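The listed protein sequences derive, respectively, from chains A and B. For the first sequence, our numbering gives the first residue as 2, with consecutive numbering after it. For the second sequence, our numbering gives the first residue as 9, with consecutive numbering after it. Note that CB positions come from ideal geometry on N, CA and C, so glycine has one too. Treat the numbers as computed from the prediction; the structure is a model and nothing was measured.
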Amino acid sequence: KAGVTQTPRYLIKTRGQQVTLSCSPISGHRSVSWYQQTPGQGLQFLFEYFSETQRNKGNFPGRFSGRQFSNSRSEMNVSTLELGDSALYLCASKREAGGPNTEAFFGQGTRLTVV
Amino acid sequence: LAKTTQPISMDSYEGQEVNITCSHNNIATNDYITWYQQFPSQGPRFIIQGYKTKVTNEVASLFIPADRKSSTLSLPRVSLSDTAVYYCLVGASGNTPLVFGKGTRLSVIA
């Protein structure tokens, strides 16, 4: 079956602009999480959506937002881009709920460069 | 969430067995231990998960002592393609987010 698909793979934006990244989870997975990865801070959790509702949120400013659609696809948006937002943004989907931490499947990521 | 501590980096020669130990002194009763592998510019990939004793799959083995305050990921006969960052995570239910530490950067040398 198809894996987690993230688009676009690469993106270059200018400071002050806004950007929207897309994630299509594995069919049947209802949980979608977003992570930011930078060399200095490592993999940091942004937020998680489950059945169109934000279930968990990391410690990021309000410029970072997301949403999930009824087909479980998710988007994240970053407004007023800063140079420090340059990172690899990863999306992960899980089949879900209850029991041990269910295996998460990650996409290839979107490499965002802010200039 | 239980904090984990693992070595920052390790080197190994091809064909050797590699053991990466993770400390999680504050692990809770209902926490599971999960390991992920990440190659450069790719998302992490699930390797193995366990609760206690030993778990083995086609890729690795996971050893967890009775007190569960640590765990060891064992990679048999590593190859150059096993060069990656390995993350140890501790958590409970499926609706809690995965929290990644710095991981262990494994370099396999020919």
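DSSP beta-bridge partners of N78/A: What you label residue 78/A is simply residue 77 of the first sequence in a count that begins at 1. T21/A, S66/A, per the DSSP bridge assignment.
Within-8 angstroms CB hit, F54/B to chain A: Counted from its first residue, the second sequence places residue 54/B at position 46. Answer yes: the Cβ-Cβ gap between F54/B and chain A drops below 8 angstroms somewhere.
At least three beta-carbon pairs within less than 8 angstroms, the segment 53 to 72 of chain A to the segment 102 to 110 of chain A: The segment 53 to 72 of chain A, when compared against the segment 102 to 110 of chain A, does not touch it at the 8 angstroms Cβ threshold.
Status (buried if at least 16 other CB within 10 Å, exposed otherwise) for L77/B: Working through the second sequence from its first residue, we reach residue 77/B at position 69. Reading the sequence as shown, one finds Lys at residue 77/B and not Leu. Per the 10 Å Cβ criterion, exposed.
Delimiting residues of the beta strand (DSSP E) encompassing Q14/B: Along the second sequence, read from residue 1 onward, the residue named residue 14/B stands at position 6. That residue, Q14/B, is in no beta strand (DSSP E); it is neither H nor E in DSSP.
Check whether F46/A and V107/B have beta carbons under 8 angstroms apart: If you number the first sequence from 1, residue 46/A lands on position 45. If you number the second sequence from 1, residue 107/B lands on position 99. Yes, the Cβ-Cβ distance between F46/A and V107/B is below 8 angstroms.
Contact set between S49/B and chain A, taken where Cβ atoms lie within less than 9 angstroms: Indexing the second sequence from 1 puts residue 49/B at position 41. Counting only Cβ-Cβ distances below 9 angstroms, S49/B has contacts in chain A at L89, Q109, G110, R112, in chain order.
Cut-off 6 angstroms between Cβ atoms - residues of its own chain near N33/B, not counting five sequence neighbours on either side: For the purposes of this step, residue 33/B is taken as residue 25 along the second sequence, with counting starting at 1. K77, listed in sequence order.
Below-8 angstroms beta-carbon distance, E49/A vs any chain B residue: In the first sequence, counting from the first residue as 1, residue 49/A sits at position 48. Closer than 8 angstroms to some Cβ of chain B, the Cβ of E49/A qualifies, so yes.
Any chain B beta carbon closer than 8 angstroms to S71/A: By 1-based counting over the first sequence, the position of residue 71/A is 70. Closer than 8 angstroms: no.
Buried or exposed by the 16-neighbour rule on C-beta atoms within 10 Å, applied to D75/B: Taking the first residue of the second sequence as 1, we reach residue 75/B at position 67. Answer is exposed; the Cβ neighbour count stays below 16.
Any 3 or more C-beta pairs closer than 8 angstroms across the segment 75 to 91 of chain A and the segment 14 to 23 of chain A: yes
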